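Everything on this sheet refers to the single structure shown next.
Number of protein chains: 2
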Amino acid sequence: MNTGIPLKITETVLRDGHQSLAATRMRTSDMLPVLEQLDEIGYFSIEAWGGATFDSCLRFLNEDPWERLRTIKKYLKKTPIQMLLRGQNVLGYNHYADDVVSEFVKRAVDNGVGVIRIFDALNDVRNLEASMRAAKESGAHVQGAFVYTISPYHNNDSFLKVAKDLVSLGSDSICIKDMAGLLAPYKAYELVKTLKAEINIPIHLHTHYTSGMASMTYLKAVEAGVDIIDTALSPFAMASSQPATEAMIAALEGTERDSGLSKEKLFPIADHFRTIKKQLTETFNLNTNIEIDTKVLSFQIPGGMLSNLLNQMKEQGMADKFPDLIEEMPKVRAELGYPPLVTPTSQIVGSMSAFNVMLGRYKVVPREIKDLARGKYGRTPAPIDPEFLKTLIGDDEIITHRPADDIKPQMPALRQELAEKGYPNASTEDVLSYAVFPEVALKFFESNR
Amino acid sequence: MNTGIPLKITETVLRDGHQSLAATRMRTSDMLPVLEQLDEIGYFSIEAWGGATFDSCLRFLNEDPWERLRTIKKYLKKTPIQMLLRGQNVLGYNHYADDVVSEFVKRAVDNGVGVIRIFDALNDVRNLEASMRAAKESGAHVQGAFVYTISPYHNNDSFLKVAKDLVSLGSDSICIKDMAGLLAPYKAYELVKTLKAEINIPIHLHTHYTSGMASMTYLKAVEAGVDIIDTALSPFAMASSQPATEAMIAALEGTERDSGLSKEKLFPIADHFRTIKKQLTETFNLNTNIEIDTKVLSFQIPGGMLSNLLNQMKEQGMADKFPDLIEEMPKVRAELGYPPLVTPTSQIVGSMSAFNVMLGRYKVVPREIKDLARGKYGRTPAPIDPEFLKTLIGDDEIITHRPADDIKPQMPALRQELAEKGYPNASTEDVLSYAVFPEVALKFFESNR
Ligand SMILES: [Co+2]
Ligand SMILES: [Co+2]
Numbered sequence: 001m002n003t004g005i006p007l008k009i010t011e012t013v014l015r016d017g018h019q020s021l022a023a024t025r026m027r028t029s030d031m032l033p034v035l036e037q038l039d040e041i042g043y044f045s046i047e048a049w050g051g052a053t054f055d056s057c058l059r060f061l062n063e064d065p066w067e068r069l070r071t072i073k074k075y076l077k078k079t080p081i082q083m084l085l086r087g088q089n090v091l092g093y094n095h096y097a098d099d100v101v102s103e104f105v106k107r108a109v110d111n112g113v114g115v116i117r118i119f120d121a122l123n124d125v126r127n128l129e130a131s132m133r134a135a136k137e138s139g140a141h142v143q144g145a146f147v148y149t150i151s152p153y154h155n156n157d158s159f160l161k162v163a164k165d166l167v168s169l170g171s172d173s174i175c176i177k178d179m180a181g182l183l184a185p186y187k188a189y190e191l192v193k194t195l196k197a198e199i200n201i202p203i204h205l206h207t208h209y210t211s212g213m214a215s216m217t218y219l220k221a222v223e224a225g226v227d228i229i230d231t232a233l234s235p236f237a238m239a240s241s242q243p244a245t246e247a248m249i250a251a252l253e254g255t256e257r258d259s260g261l262s263k264e265k266l267f268p269i270a271d272h273f274r275t276i277k278k279q280l281t282e283t284f285n286l287n288t289n290i291e292i293d294t295k296v297l298s299f300q301i302p303g304g305m306l307s308n309l310l311n312q313m314k315e316q317g318m319a320d321k322f323p324d325l326i327e328e329m330p331k332v333r334a335e336l337g338y339p340p341l342v343t344p345t346s347q348i349v350g351s352m353s354a355f356n357v358m359l360g361r362y363k364v365v366p367r368e369i370k371d372l373a374r375g376k377y378g379r380t381p382a383p384i385d386p387e388f389l390k391t392l393i394g395d396d397e398i399i400t401h402r403p404a405d406d407i408k409p410q411m412p413a414l415r416q417e418l419a420e421k422g423y424p425n426a427s428t429e430d431v432l433s434y435a436v437f438p439e440v441a442l443k444f445f446e447s448n449r
Numbered sequence: 001m002n003t004g005i006p007l008k009i010t011e012t013v014l015r016d017g018h019q020s021l022a023a024t025r026m027r028t029s030d031m032l033p034v035l036e037q038l039d040e041i042g043y044f045s046i047e048a049w050g051g052a053t054f055d056s057c058l059r060f061l062n063e064d065p066w067e068r069l070r071t072i073k074k075y076l077k078k079t080p081i082q083m084l085l086r087g088q089n090v091l092g093y094n095h096y097a098d099d100v101v102s103e104f105v106k107r108a109v110d111n112g113v114g115v116i117r118i119f120d121a122l123n124d125v126r127n128l129e130a131s132m133r134a135a136k137e138s139g140a141h142v143q144g145a146f147v148y149t150i151s152p153y154h155n156n157d158s159f160l161k162v163a164k165d166l167v168s169l170g171s172d173s174i175c176i177k178d179m180a181g182l183l184a185p186y187k188a189y190e191l192v193k194t195l196k197a198e199i200n201i202p203i204h205l206h207t208h209y210t211s212g213m214a215s216m217t218y219l220k221a222v223e224a225g226v227d228i229i230d231t232a233l234s235p236f237a238m239a240s241s242q243p244a245t246e247a248m249i250a251a252l253e254g255t256e257r258d259s260g261l262s263k264e265k266l267f268p269i270a271d272h273f274r275t276i277k278k279q280l281t282e283t284f285n286l287n288t289n290i291e292i293d294t295k296v297l298s299f300q301i302p303g304g305m306l307s308n309l310l311n312q313m314k315e316q317g318m319a320d321k322f323p324d325l326i327e328e329m330p331k332v333r334a335e336l337g338y339p340p341l342v343t344p345t346s347q348i349v350g351s352m353s354a355f356n357v358m359l360g361r362y363k364v365v366p367r368e369i370k371d372l373a374r375g376k377y378g379r380t381p382a383p384i385d386p387e388f389l390k391t392l393i394g395d396d397e398i399i400t401h402r403p404a405d406d407i408k409p410q411m412p413a414l415r416q417e418l419a420e421k422g423y424p425n426a427s428t429e430d431v432l433s434y435a436v437f438p439e440v441a442l443k444f445f446e447s448n449r
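Protein chains in written order, with full-length UniProt numbering: chain A, 1 to 449; chain B, 1 to 449.
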């Protein structure tokens, strides 16, 4: 407790909470009845857009994500709306041209986003440049995020270096993004201390309860002086989501870092979301029985993925080789330069390891592995051994420049395509929806435009 | 982290874990396959008996609880079996004669219990005397426990006083029993510091995740030097149970209080219990969707009970008086001398408050309230105003002595009764089963003796 400054809180119930526990199925109409109450709580921000919500709106809910944003903005008059952006990937898993990235960010801010958290799965800050620049120009609060992971190449100093790069790019705050719930409490303490010692803008911590440690991690981060944490109202908290907002408020009441927020004001809002969760579970036949997964701490791979791999090996009559797979995964990750194991890299490393065990090492190399190795997604955290790289990619081009430099502007062609498909007067927002999720967007337009 | 001593852990999956999350329905056969593995972990103890398991064995599972104990003991060769005992209430909610209490404890130890945690719902240590004496004589590790609660009459000094009384009665260790999950992290830190400063035997902390704070509470207690914590393997952890064993081990790895236990060794055992939980849920049609309940932090009454009370008031067409009820409850609790709100006192205070709001204050006074007020369960934490007491109990006797002093020996009569019912050669264990759950035990005997 070395600062006397109240802890700030970002509420995630409208984005990561239901993305983690209800397959991103919360509808705008589920949010409306309590938006004004949420606006009165005094949150630093309310995360309500980006991540998987954009895709889910179009694909499953027959909602225009841009319309959702504008609607939420109407009710959240005081509290900034926060969104999550995958840097050059915008909201998908491929790199887009700078003009798409830039336009997307500007439209997001114009339609109501106040805080943009931007990250890259490899922590290659070049993949954040275009989006951060656009966000700055739009006047949003720009939060540069780095992904937390564990490897011999990741430590407090390496994270500090990335954080400083993010400051140089104009971050208004820095986010430690621990999407896998790997950050242990005392490691969080040291990391936050390291960052706070050298960085003058606020530090924001995002973690998941996946491994069961999240609230402890927040507590030690708060003691180390972290400025903001992400929490979700209790019905959409814990398990694979964030710690509960009410519990974190209560734990710090009366301490130096008391958030000053009223948990009592949250009770009726939480009651609302408890009902919503029940409804979503029934309507969309969701699995509500999500448990913590402590194996992630040993393997960095979610337990669910491990069972899937085991099943695949069983089908091949090779279940006895599963222990080899467990040993193979960290080797493969090391050889590929220690990418953080998040979607989609965890799947990529997992299947590569399974192939290696079943067919012989690197006898079959999927396209994604080659692209990752040759720098198509950006720089891997550790360099890849040149000779190993050669055996992996053969004569494929090695990319050392910013990957998006290879991508020509896409907006004019996208507009053209949409015109040809019958939407000559598509709004820029619709063009952007089409840019990131073409098929899904077209299907949405068919019944809504 | 002011001690360099490894944290010790008590595993609760075989008792409180399934009592909290699976209606105490785990069967002995569900435990057997992993008992030997559990014995190898290095736990301080494994809680596996007492609490609601005794009743559940006889009532729902057609199992002899004594037989379960002997079976478990066969496999747990190194790790002490721990049980939970409600002092003079043994395993029920009424006081028994000293001879029943004493015999029950002795038989429990003889059949395999190594550590006995003994508590009284009012923290009246006179209700622990008989059981603690018997436990000492039997050679068990005797853990005197006090119930944590929040009131103007409960503070670190009052808890220290109870703890010292428990030491005088021969405790080998002291347990802070936070059954409602009310103990906040920094309060736990101060409480443990207070106890550790003046008490030389180990301090054991038991809490529940009910309010979402439990793992944070453990973390701060560990920093304050707590010796032992209660955790449950992840499938039976969190929500209304304890923090996950694997997560607590992981959180402390590499710190001064590293438990030294291997979470990797726990993964296959947890996998087993994940399957068991699924089976129990299906077989007994259990509600698996147990969430944390943050309202308990404001009202000390579980949210589920609040909804029940609200429904009762709705049925009476008095739902509009629910806010009055919320204000009435702390008043009633204060007037009754601030009993800790645990089963059954929470229900007693809840219904008294509902009566007060609906019918006028203390117009109708249930028997349980009169008994509580006149000292039939023991001394209330705060004295009750004599004039108020008079209006409440009229000319009923006030009990200031140890309540069990009024109860004559019961064992001979119980034996006699059983003989008359057709069991003249009943074992002492069977007599004790009959003593605490007469109808249920008789029904069990019918089909098993
Ligand atoms: Co997240
Ligand atoms: Co308990």
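Beta carbons are placed, not taken as given, at the ideal position from N, Cα and C, and that holds for glycine. Owing to the predicted nature of the structure, the values given are computational and were not obtained by experimental measurement.
Apart from sequence neighbours up to five positions away, the residues of its chain that approach Gly375/A with a beta-carbon distance below 8 Å are Ile398, Ile399, Thr400, Pro403, ordered along the chain. Looking at the backbone, the Cα of Ala270/A and that of Asp55/A are separated by about 26 Å. In this structure, DSSP gives Gly50/A an extended state, which the three-state scheme calls strand. With the criterion set as a beta carbon lying under 7 Å from some beta carbon of chain B, the members of the region 209-231 of chain A are Ser211, Gly212, Met213, Ser215, Met216, Leu219, in sequence order. Contacts with chain A (Cβ-Cβ distance below 8 Å) from the region 178-203 of chain B involve Ala184, Pro185, Tyr186, listed in chain order. Per DSSP, Gly350/B is one residue of the alpha helix (DSSP H) stretching across 345-359. For the region 274-299 of chain B, residues whose beta-carbon sits nearer than 7 Å to a beta-carbon of chain A comprise Thr288, Asn289, Glu291, Ile292, Thr294, Lys295, Leu297, Ser298. For His18/B, the three-state secondary structure derived from DSSP is helix. When Cβ-Cβ separations below 7 Å define contact, Phe236/B makes no contact with chain A.
Residue state for Phe267/B is assigned as helix, using DSSP reduced to three classes. Under DSSP, Ala244/A shares a beta bridge with Ala232/A. Chain-ordered listing is empty here: chain B has no CB closer than 7 Å to the CB of Phe437/A, the nearest sitting near 32 Å. Counting along the chain, Thr10/B sits inside the beta strand (DSSP E) bounded by residues 8-11. Here Thr255/A carries a coil assignment [DSSP, helix/strand/coil]. The Cβ atoms of Ser20/A and Ser211/A do not sit closer than 7 Å to each other. For Met26/A, the Cβ stays outside the 6 Å cut-off from all heavy atoms of ligand 1. Remark: the shortest separation between the CB of Met179/B and any heavy atom of ligand 2 falls under 6 Å.
The beta-carbon of Glu256/A is placed no less than 7 Å from the nearest beta-carbon of chain B. Contact check for His208/B and Ile176/B: beta-carbon distance about 12 Å, past the 8 Å limit, so the pair fails to qualify. For Ala251/B, the C-beta contacts it makes with chain A under 7 Å involve Ala184, Pro185, Met213, Met216, in order along the chain. Ranked by how close their Cα comes to the Cα of Ile369/A, the residues Ile276/A, Pro381/A, Val357/A, Leu389/A have Leu389/A in first place. In the assembly as shown, Asn89/A is a buried residue. Its beta-carbon has 16 or more other beta-carbons within 10 Å.
The residue from Asn425/A, Asp406/A, Asp405/A with its alpha-carbon nearest to that of Leu414/A is Asn425/A.
The DSSP-derived three-state label of Gly42/B is coil. Residues Thr28, Leu32 of the same chain have their beta carbon placed closer than 8 Å to that of Thr71/B, with the five preceding and five following residues left out of the count.
With 16 or more other Cβ atoms from the protein chains shown falling within 10 Å of its own Cβ, Ile203/A counts as buried. When the beta-carbon positions are compared, Pro381/B and Tyr153/B come within less than 7 Å of each other. Judged by DSSP in its simplified three-state form, Lys321/A adopts helix. Of the heavy atoms belonging to ligand 1, at least one sits nearer than 6 Å to the Cβ of Asp16/A. DSSP places Ala197/A in the uninterrupted alpha helix (DSSP H) bounded by 185-198. For the pair of segments examined, the region 222-231 of chain A was found not to touch the region 312-322 of chain A: the number of CB pairs separated by less than 8 Å stays below three. Note on geometry: alpha-carbon atoms of Arg257/A and Leu128/B lie some 40 Å from one another.
Taking a Cβ-Cβ cut-off of 7 Å, Lys265/A has no neighbours in chain B, whose nearest Cβ is about 11 Å from it. The three-state reading of DSSP puts Lys177/A in strand, counting E and B together.
The C-beta of Glu246/A comes closer than 7 Å to at least one C-beta of chain B.
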